[in-house]
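Numbering (this note's numbering), first residue to last: 20 to 604.
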């Protein structure tokens, strides 16, 4: 995204000051009307809200995947915030996941644009009223969408329950504030979670009215040169994600869902709860109907020179930072991300059965043979082909900690999103490769629908506005991923909604690994957070055979209900007496 909009104009303060002049007797002062009357200035203010989106998959997390704070992985960067989060070190003073100030700064930029960039004094195309109005409408749609995006960021990170059982979101702001309003701290209060969702959905629906369905052709406003900006498809995808969160058990007030312990909850008001899941299913189905089907990820998508069809909205970047951070030490990397044995065990055998099931034909002496093809897309393991050699993570191997102490802690390296090219990084030179950060994938919409449909109608049921059931969706995802048999899916579906929920959650874990979903999925579903992260210790026998032993790598010290929610920033709490913090903080 930043690559597309590198020409963002940072203008307001500079334009409102007295500009320099070689002729001191000539006054060169620009008033506010002049500053806000220039179309490039107004669009530049709005583009700031794009420019602050995470450019890479690890932006916003200090260079780590957020998965490294879950049971999916660990990080070798002990000084980074994600390690502290994974160790239970989240505090109101130190929250590496939240961007409270940044989000509200972008909302301010959006409001300045909405209030000043759409008036008659700003002309975006002086040659045609029709083209000017088209540009104006498109920018308005983008602004409304971006307000929904940044608002959802606040809701995703800071939404939660309070000690009194309320479900709260963030303080809704719908205009730029005067100095007096901005310093009226007693009036700052969190809106309810439902109010925040309603406002976000309203903005999304409004944005759809003004945005093109997709940027195509050569038109300067609606053409392909605008790819990466918001369109109707992007808005529909966000609407699906927001409604899924809104239905999730962690964000219901106590009169709907009661939180009874770590990983435990009970539904108090079934009707209200099911209605929210029904809404989420309908929104997901609507997005799918308009956007179309999905295509499973492939290795070629990681460094494709054209945007893969699977991506609904993405940024891209061209450098070698992911490889520098995650290649093994011998390959001039930092071996930063170590996928867990927990994650590896979650992948099925290729015939679709869990490796714990005898029918999977899983061989513990050859644990990586005949597995779910998604394992190979996500994880590099001992024996993996890696830049013209085989990876060696066995004890004493080139890529083990015995060889280099800063190598992987788990016995695994991350594969997803990396470009595997011999000589890509070296002592003398680092080449560059194209990488993507998919904000939305098509497969996510189908996972959203499967989850919501199962909760609302059961594994095989459908309701009004929904044409696909959860079982058929999960089968299609697994089949496109390369799993050869779905008999296991039918077996689990026959056990009912609760068991099928677990299967859906696992499918989501596998499909969206290293896309920064797992952290939030665990919390919104009130799943256990304290699973110890495991790795593998591989020893080589004299005959060349290998022994595999699972080992504990890192404890997850999430032993309190408060870890389902994030604390609000201390600075905000200290100055706003009516700002209520989340449960336990």
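Glycine is no exception: its CB is placed at the ideal position from the N, C-alpha and C atoms.
A quick note: this is a predicted structure, and the numbers were derived from the prediction, not measured.
Under 8 Å: do the segment 259–274 and the segment 239–248 share three or more Cβ pairs, one atom per stretch? With the cut-off at 8 Å, the segment 259–274 and the segment 239–248 do not touch.
Quick one: using the 10 Å Cβ neighbour count with 16 as the cut-off for buried, is residue 204 buried or exposed? Burial is judged here by how many other beta carbons sit within 10 angstroms of a residue's own beta carbon; residue 204 has fewer than 16 and is exposed.
Please report the straight-line C-alpha distance between residue 349 and residue 314, rounded to a whole angstrom. Near 35 Å, if we compare the C-alpha coordinates of residue 314 and residue 349.
Please classify residue 97 as buried or exposed, where buried requires at least 16 neighbouring CB atoms within 10 angstroms. For residue 97, the number of other beta carbons within 10 angstroms of its own is below 16, and it is reported as exposed.
Could you say which of 394, 566, 334 lies nearest to residue 73 if we only look at CA atoms? Ranking the options by Cα distance to residue 73, first place goes to 334.
As assigned by DSSP and simplified to three states, the class of residue 332: Strand at residue 332.
From residue 226 to residue 475, what distance separates their C-alpha atoms? Cα-Cα distance, rounded: 28 Å.
On the CB-based measure, 16 or more other CB atoms within 10 Å of its CB, does residue 243 come out buried or exposed? When all chains shown are included, residue 243 counts as exposed.
Segment limits, beta strand (DSSP E) that includes residue 92: Here the beta strand (DSSP E) through residue 92 covers 92–94.
So, using beta-carbon positions, are residue 94 and residue 356 closer together than 9 Å? It is a contact, given that the beta carbons lie within the stated cut-off.
Grab me the residues of residue 292's own chain with a C-beta within less than 6 Å of its C-beta, minus the 5 sequence neighbours each way, in chain order. Within the same chain, and ignoring the five residues on either side of residue 292 in sequence, the residues whose Cβ sits closer than 6 Å to its Cβ are 275, 286.
In angstroms with no decimal places, state the Cα-to-Cα distance between residue 366 and residue 393. Rounded to the nearest angstrom, the two C-alpha atoms are 8 Å apart.
Could you tell me the boundaries of the alpha helix (DSSP H) in which residue 213 lies? Start and end: 212–229.
Can you list, in chain order, the residues of its chain with a C-beta nearer than 7 Å to that of residue 316? Leave out the 5 residues immediately preceding and following it. Closer than 7 Å at Cβ, skipping near neighbours: 329, 396.
Exposure of residue 83, with buried meaning 16 or more beta-carbon neighbours within 10 Å: Taking all protein chains shown into account, residue 83 has 16 or more neighbouring C-beta atoms within 10 Å of its C-beta and is therefore buried.
Three-way DSSP call (helix, strand, coil) for residue 541 in this model: Of the three classes helix, strand and coil, the one that applies to residue 541 here is helix, per DSSP.
Tell me, please, which residues DSSP counts as bridged to residue 283. Answer is 280, bridged to residue 283.
Helix, strand or coil at residue 157 according to DSSP, with G and I counted as helix: In the displayed model, residue 157 falls within a helix according to three-state DSSP.
Look up residue 238 in the DSSP assignment and say whether it is helix, strand or coil. Three-state DSSP puts residue 238 in coil, outside helix and strand.
Alpha carbons only, please: which of 142, 379, 118 is nearest the one belonging to residue 171? For residue 171, the nearest C-alpha among the options comes from 118.
Whole beta strand (DSSP E) elements within the segment 354–426, 3-residue minimum: Complete beta strand (DSSP E) runs here, min 3: 356–358.
Three-state secondary structure (DSSP) of residue 572: DSSP places residue 572 within a strand segment (E or B) once states are collapsed to three.
Nearest neighbour of residue 136, chosen from 80, 473, 163 [CA to CA]: Cα-wise, what sits closest to residue 136 is 163.
For residue 465, write down the residues that DSSP places opposite it in a beta bridge. DSSP, once it has assigned bridges, lists no residue as partnering residue 465.
Residue range of the unbroken beta strand (DSSP E) whose run includes residue 58: In the DSSP annotation of this structure, residue 58 is not part of any beta strand (DSSP E); the continuous alpha helix (DSSP H) holding it starts and ends at 58–70.
The beta strand (DSSP E) with residue 556 in it runs from where to where? In this chain, the beta strand (DSSP E) harbouring residue 556 covers 552–559.
Which whole runs of the beta strand (DSSP E) in the segment 439–488 are 3 residues long or more, in chain order? Entirely contained in the segment 439–488, the beta strand (DSSP E) runs reaching 3 residues are, in chain order, 452–460.
Through-space distance from residue 145 to residue 152, alpha-carbon basis: The C-alpha of residue 145 is placed about 11 Å away from the C-alpha of residue 152.
Considering only their Cβ atoms, is the gap separating residue 282 from residue 601 smaller than 9 Å? Not a contact, by the Cβ cut-off of 9 Å.
Just curious, the alpha helix (DSSP H) that residue 199 is in, first and last residue? Looking at the DSSP string, the run of the alpha helix (DSSP H) that includes residue 199 is 198–201.
CB-CB under 8 Å to residue 92, same chain, minus the five flanking residues each way: which ones, in chain order? In its chain, beyond the 5 residues on either side, 84, 86, 356, 357, 358, 359, 362, 429, 433, 533, 552 have a beta carbon closer than 8 Å to the beta carbon of residue 92.
Would you mind stating whether residue 575 and residue 549 have Cβ atoms separated by less than 9 Å? Yes.
Simplified DSSP assignment, three categories, for residue 565: If DSSP states are grouped into helix, strand and coil, residue 565 belongs with the strands.
Backbone secondary structure at residue 100 - three-state DSSP: DSSP places residue 100 in helix when its eight states are reduced to three.
Would residue 141 pass as a contact of residue 56 if the rule is Cβ separation under 9 Å? Contact check for residue 141 against residue 56 passes: the beta carbons are separated by less than 9 Å.
Between the alpha carbons of residue 472 and residue 479, how many angstroms are there, rounded? Between the C-alpha atoms of residue 472 and residue 479 there is a straight-line separation of about 9 Å.
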